Amino acid sequence: MRALKYRNSIAVIILFFVNLSWFVKFKFQTIMGDDLFSLHAIQSGQESLLHYTLFSAPFGKYRPVFNFFQYVTAKIFGTDLQLYIFFNIIVNFIAVVLMFCLLLLLTRKTLYAFIFALIFVTCRFSYYNVLQIYGLMEAVALILFLLMLLFCVYIYQNPKRINLYALLLLQTLLIFTHERYIVTVPFLFLLLMYIYKKKKWYYALWTITPVLLNVALKKIVIDITFLQGTGGAAIGFDFLQIVIFVGCGLLNMVGINVGAPYLNGINFPQESLMTQTLSVLISGIYLVLLIALIRQFLKSKLEHNKSFVIFGLGMVLMLSLLLAASITIRQEYRWLYAPYAVLLLLTAYVLPRLQLKNVVKYILLLLICIPVFKNDLYVRKFLDRVYFMDALHIADSTYASSIKQYGLNIRFKTIYIQNDPALIWTLQGSTFFQVYAENPSLKVTYVDDLSAVDLAQTDLLLLKFNTTTRLMEDVTDFYIGSKHSTPVTIRPEDWAIPDSAYAQITASGEKLFYKIVTNFDKMKDISLVDQDRNVTYSLSDTAVNNESLSKLEPGKFAFYRIDNQMCLLWISIPNNLKMGKTILQ
Numbered sequence: 010m011r012a013l014k015y016r017n018s019i020a021v022i023i024l025f026f027v028n029l030s031w032f033v034k035f036k037f038q039t040i041m042g043d044d045l046f047s048l049h050a051i052q053s054g055q056e057s058l059l060h061y062t063l064f065s066a067p068f069g070k071y072r073p074v075f076n077f078f079q080y081v082t083a084k085i086f087g088t089d090l091q092l093y094i095f096f097n098i099i100v101n102f103i104a105v106v107l108m109f110c111l112l113l114l115l116t117r118k119t120l121y122a123f124i125f126a127l128i129f130v131t132c133r134f135s136y137y138n139v140l141q142i143y144g145l146m147e148a149v150a151l152i153l154f155l156l157m158l159l160f161c162v163y164i165y166q167n168p169k170r171i172n173l174y175a176l177l178l179l180q181t182l183l184i185f186t187h188e189r190y191i192v193t194v195p196f197l198f199l200l201l202m203y204i205y206k207k208k209k210w211y212y213a214l215w216t217i218t219p220v221l222l223n224v225a226l227k228k229i230v231i232d233i234t235f236l237q238g239t240g241g242a243a244i245g246f247d248f249l250q251i252v253i254f255v256g257c258g259l260l261n262m263v264g265i266n267v268g269a270p271y272l273n274g275i276n277f278p279q280e281s282l283m284t285q286t287l288s289v290l291i292s293g294i295y296l297v298l299l300i301a302l303i304r305q306f307l308k309s310k311l312e313h314n315k316s317f318v319i320f321g322l323g324m325v326l327m328l329s330l331l332l333a334a335s336i337t338i339r340q341e342y343r344w345l346y347a348p349y350a351v352l353l354l355l356t357a358y359v360l361p362r363l364q365l366k367n368v369v370k371y372i373l374l375l376l377i378c379i380p381v382f383k384n385d386l387y388v389r390k391f392l393d394r395v396y397f398m399d400a401l402h403i404a405d406s407t408y409a410s411s412i413k414q415y416g417l418n419i420r421f422k423t424i425y426i427q428n429d430p431a432l433i434w435t436l437q438g439s440t441f442f443q444v445y446a447e448n449p450s451l452k453v454t455y456v457d458d459l460s461a462v463d464l465a466q467t468d469l470l471l472l473k474f475n476t477t478t479r480l481m482e483d484v485t486d487f488y489i490g491s492k493h494s495t496p497v498t499i500r501p502e503d504w505a506i507p508d509s510a511y512a513q514i515t516a517s518g519e520k521l522f523y524k525i526v527t528n529f530d531k532m533k534d535i536s537l538v539d540q541d542r543n544v545t546y547s548l549s550d551t552a553v554n555n556e557s558l559s560k561l562e563p564g565k566f567a568f569y570r571i572d573n574q575m576c577l578l579w580i581s582i583p584n585n586l587k588m589g590k591t592i593l594q
């Protein structure tokens, strides 16, 4: 017994350091998106902890348990994202320990529990829980969910009323942390029907009371709808879309990345051949386990097979959670974390109970865990493509190019930002600057073209999102530049023919040529003069980037920035003419 406790303690210590090292490398500094919106609301509002906890419904979602944690952490950590991340790492470790305990109860084998807990820590579904303030909502809900499952085991072993009351309390807290978990009702209902031989309906029906309470409080206290969809969208029941999302969720859970890259980082067809092979192997092993289990069940008397009942209840729970993650306009990885946890618990429960030689079981265990670790490491490389990771980079670069550079003096700046879809959710209009400049009245103006800004204004700050680097840049000096910028002379042989990645000809049939220009500061009132032919080209308002080059008009030129130092200069000429010596001035 002492040796077992020692092994379990060592396993938990290792899991602690794995959990810490897996997430501590992320050094994001600034808050954005929904986190920013809610933090600003708490900071600028006058609500007490009690009022915010019980009577607030941000984004139309009534989640008083999370409201409490959100309010307290906002008051303690303020705008320091690293403090939130470190706190979330600790919270995530609590979930890992609970997962390890559940696995021990189901398998009674430290090795199995440790390996599946390790998979749980490092899986591709875990990042949101740690790196976002709203990830705390997912993490707290996951902890309550795993605690609820622990009490399901306890009540299965000892159906005392105290265990039942604890189970119902955890279910209630869970539903008031995230309403998605109302789908646990069928599982709990069937579980209690199976456990209690007397008054089974009485006990089972108690599992519906937290849902009724949730509906009542939403209507009476807040006066909002029972269920609100993702992003404020109304929940729709498109049967075909739900089936597709359920299928995609299952594939993602068994290692095959499918769905939009902005949600998962990279899709299966774009992955390396090795990763694709391992993904197919993982899903194949799961299929083999399922077939072996069904064959084993069919050979036994199912009505007397407790393993069959437990597996069946687990499948009901997993599919219910998967369904909840699929009745939506998109399927995010964070919503698959809970059903994935159930899948790991089921796999760990089934594998030791298969009527196979121990060596075969351990081979199957290795064939699951090694490819899963390898694949999750591979997917980790593409995390920056996921929408909230991309937004974190944008927010950090915005902070670096503005508030970090100018400090609180930015309050006296007139700030213009060139519009880009990536900035709408990330910066929340002026909110980002109001929070970090500690000035609730600070306003930012978003424009379609920074060239249209009156550059005669004092204390200007011009920011532009670079779609290539996916970072915000301070382009003030570039646009204002020098009033006497040195003209650039371009010889005929300096012009280059674009490759296939760019347009070759314009809509009017003229050939396109380009020149990379450096150290030219002016962006307004510029012209291009062909001295040999005495022709002056004016700047095009239509061809303003790589995508619009084909729209370049005859007699005009395109000129736009690549980064802070370099610009692209484009000209089009008829087939029967040659470009002469030109001057950009």
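Residues are numbered in the numbering used here as their position in the sequence shown, beginning at 1, plus a constant of 9. No residue lacks a Cβ here, since even glycine has one placed at the ideal position from N, Cα and C. These numbers were taken from a predicted model, which means no experiment stands behind them.
For residue i, name the three-state secondary structure that DSSP assigns.
i      : result
Glu482 : strand
Ala431 : helix
Ser135 : coil
Thr551 : coil
Met41  : coil
Val368 : helix
Met575 : strand
Asn511 : Inspection of the sequence shows that residue 511 is occupied by Tyr rather than by Asn. The answer is coil: DSSP assigns Tyr511 none of H, G, I, E or B.
Leu29  : helix
His493 : Per-residue confidence for His493 stands at a pLDDT of 44, beneath the threshold of 50, marking its modelled position as unreliable; the derived number appears in the next sentence. Coil, per DSSP.
Ser18  : helix
Tyr346 : helix
Asn584 : coil
Thr591 : strand
Arg189 : helix
Phe160 : helix
Ile426 : strand
Lys473 : strand
Val526 : strand
Leu296 : helix
Arg362 : helix
Leu24  : helix
Lys315 : helix
Phe442 : helix
Ser536 : strand
Lys7   : Only positions 10 to 594 of the chain appear in the structure, and residue 7 is not among them; the question remains open.
Leu153 : helix
Could you tell me whether the Cβ atoms of residue i and residue j are closer together than 7 Å?
i      : j      : result
Tyr349 : Met262 : yes
Lys413 : Asp468 : no
Ser547 : Leu561 : no
Phe329 : Val224 : The amino acid at residue 329 is misidentified as Phe; the sequence shows Ser. Their beta carbons are not under 7 Å apart, which means Ser329 does not touch Val224 by this criterion.
Asn28  : Val106 : no
Thr591 : Asp539 : yes
Thr186 : Arg343 : no
Met202 : Gln180 : no
His49  : Val395 : no
Gly258 : Leu331 : yes
Ile51  : Ala83  : yes
Below 8 Å on the Cβ atoms is my contact criterion, and I expect residue i with residue j to pass it. Report the Cβ-Cβ distance as a whole number of Å.
i      : j      : result
Tyr190 : Leu183 : 5 Å
Ile424 : Val453 : 5 Å
Tyr354 : Gly323 : In the sequence as displayed, the identity of residue 354 is Leu instead of Tyr. Leu354 to Gly323, Cβ: 7 Å. Contact.
Gln437 : Asp458 : Wrong, their Cβ atoms sit about 22 Å apart, outside the cutoff.
Ile142 : Tyr93  : 5 Å
Ser410 : Leu464 : Not really, about 18 Å apart at Cβ, beyond 8 Å.
Shorter than 6 Å, the distance from the beta carbon of residue i to the closest heavy atom of the ligand SAH, or not?
i      : result
Gly256 : With respect to the ligand SAH, the structure offers nothing, as it holds no ligand at all.
Is residue i close to chain B, meaning its C-beta is less than 7 Å from at least one C-beta of that chain?
i      : result
Leu214 : Chain labels in this structure do not include chain B; a single protein chain is all it has.
If we require 4 or more residues per run, which alpha helix (DSSP H) segments fall completely within the region 375-422? 396-410, 412-415
Give a yes or no on contact between the region 397-411 and the region 428-445, applying the rule of three or more CB pairs nearer than 8 Å. At 8 Å Cβ cutoff, the stretches touch.
How about the region 13-20 and the region 67-84: do they share at least three Cβ pairs that are nearer than 8 Å? no
Going residue by residue through the region 212-289, where are the continuous alpha helix (DSSP H) segments of at least 4 residues, counting only ones entirely within it? 218-226, 248-262, 270-273
Three or more C-beta pairs closer than 8 Å, one from the region 218-233 and one from the region 385-397: is that the case here? no
Are the region 151-161 and the region 80-87 in contact at 8 Å, needing three or more beta carbon pairs? Judged by Cβ distances under 8 Å, the region 151-161 makes no contact with the region 80-87, as fewer than three pairs qualify.
Quick test of the definition: if touching needs 3 or more C-beta pairs under 8 Å, does the region 268-282 touch the region 363-378? No: the two stretches stay apart, fewer than three of their Cβ pairs being nearer than 8 Å.
Does the structure place the region 572-585 close enough to the region 510-526 that three or more beta carbon pairs sit under 8 Å? By the C-beta criterion, the region 510-526 is judged to be in contact with the region 572-585, since at least 3 inter-stretch pairs fall below 8 Å.
What runs of the alpha helix (DSSP H), each 4 residues or longer, lie entirely inside the region 70-149? 73-86, 90-116, 119-131, 136-140
Decide if the region 370-379 is in contact with the region 155-174; the criterion is three or more beta carbon pairs, one per stretch, under 8 Å apart. No, because fewer than three Cβ pairs between the region 370-379 and the region 155-174 fall closer than 8 Å, the two stretches do not touch.
Counting Cβ pairs closer than 8 Å, one from the region 464-481 and one from the region 508-521, do we hit at least three? no
Check whether the region 117-131 and the region 166-177 touch, using three or more Cβ-Cβ pairs below 8 Å as the test. Counting Cβ pairs under 8 Å, fewer than three are found: no touch.
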